[in-house]
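*Asks:*
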Amino acid sequence: MFNLYINDIIGEVNSIPGIKCLLYADGLVFCTEVDKRMAEEKTEQTLSKALTILEEWCERNKMKINTSKTASQSSLAHKTIHVRLRYKGAALSLTNEFKYLGVTFDNKLNWKNHVDKIASRVSKRITVLKRLEGRKWECAGSTNIYNFVFNIV
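Residues in the sequence shown are numbered consecutively from 200, following this note's numbering.
1) Any contact of the stretch 240-247 with the stretch 206-219, i.e. 3+ C-beta pairs under 8 Å?
2) Roughly how many whole angstroms lie between the Cα atoms of residue 294 and residue 330?
3) For residue 210, which of helix, strand or coil comes out of DSSP?
4) Beta-carbon within less than 7 Å of residue 346's beta-carbon, same chain only, minus the 5 sequence neighbours each way: which residues are those?
5) Where does residue 269 fall in DSSP's three states?
6) Check residue 292 in the structure and name its three-state DSSP category.
7) Quick check on residue 279: does DSSP put it in helix, strand or coil?
8) If you compare alpha carbons, which of 309, 301, 280 and 271 is closest to residue 228?
9) Taking C-beta to C-beta, are residue 180 and residue 286 nearer than 8 Å?
10) Just list the residues that DSSP pairs residue 226 with in beta bridges.
11) Leaving aside the five residues before and after residue 350 along the sequence, list all residues of the same chain whose C-beta is less than 6 Å from its C-beta, in chain order.
12) Use the C-beta contact count for residue 282: other C-beta atoms within 10 angstroms, 16 or more gives buried, fewer gives exposed.
13) For residue 321, which residues does DSSP report across the bridge?
14) Looking at the secondary structure, which residues open and close the beta strand (DSSP E) in which residue 305 lies?
15) Please classify residue 289 as buried or exposed, where buried requires at least 16 neighbouring CB atoms within 10 angstroms.
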């Protein structure tokens, strides 16, 4: 029901030339692609329009945006651009990394940090599996769990 309630925001934001709106559950992402000439100015203008539409939509539909989870990121730019975006007068933070749908993206859209985080979590949990090896379930002592994990990652 929630998705049906908020689904019309996509059409409103996508009506802005040069912008795409991605929506999944309660996650909303605005994407824009601009020429590197005047990139900061064009990006700021386009995204500010989208944020204005979002603000108006939220007013009409009695919704609130969690600005503490809202940030902007410049991706794949030859140089880093710093856009100054505001939502309801509050400045949005700039970030080099964000998480969307469980995947961490850096400003080059590289997955290295994402894979590193997963590998770190797996290495912490592998110790528990090694302790359980051969005990309750009578696994063979020669079972090499590390090979199994590295094949997945």
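Yeah, the Cβ is synthetic: ideal placement off N, Cα and C, and Gly gets one too.
*Replies:* Result, derived from the coordinates:
1) Taking 8 Å as the limit for Cβ pairs, the verdict is that the stretch 206-219 does touch the stretch 240-247.
2) As a position in the sequence shown, residue 294 is number 95, starting the count at 1. As a position in the sequence shown, residue 330 is number 131, starting the count at 1. Roughly 39 Å separates the two Cα atoms.
3) The sequence position of residue 210 within the sequence shown is 11, counting from 1. DSSP places residue 210 in helix when its eight states are reduced to three.
4) For the purposes of this step, residue 346 is identified with residue 147 of the sequence shown, where counting begins at 1. Residue confidence for residue 346 is low, a pLDDT of 43 falling below 50, so the modelled location carries little weight and cannot support an answer.
5) Residue numbering aside, residue 269 sits at position 70 when the sequence shown is read from its first letter. Of the three classes helix, strand and coil, the one that applies to residue 269 here is coil, per DSSP.
6) Position 93 of the sequence shown holds residue 292. Strand at residue 292.
7) Position 80 of the sequence shown, counted from the start, is the residue given in the question as residue 279. Residue state, collapsed to three classes: coil.
8) Residue 228 sits at position 29 when you count from the first residue of the sequence shown. Measuring from the Cα of residue 228, the nearest candidate turns out to be 271.
9) Because residue 180 is not part of the residues shown, which for the chain are 200 to 352, the question remains open.
10) On the sequence shown, residue 226 is found 27 positions in, with the first residue counted as 1. Beta bridge pairing from DSSP links residue 226 with 223.
11) Numbered from 1 along the sequence shown, position 151 holds the residue referred to as residue 350. Unreliable placement is indicated for residue 350, whose pLDDT of 41 sits below 50; no coordinate value is reported for it.
12) Taking the first residue of the sequence shown as position 1, residue 282 is located at position 83. The residue is buried, with at least 16 neighbouring Cβ atoms inside 10 Å.
13) On the sequence shown, residue 321 is found 122 positions in, with the first residue counted as 1. DSSP, once it has assigned bridges, lists no residue as partnering residue 321.
14) Within the sequence shown, residue 305 is the residue found at index 106, counting from 1. It spans 302-305 - the beta strand (DSSP E) in which residue 305 sits, taken as one unbroken run.
15) In the sequence shown, the residue the question calls residue 289 occupies position 90. That one is exposed.
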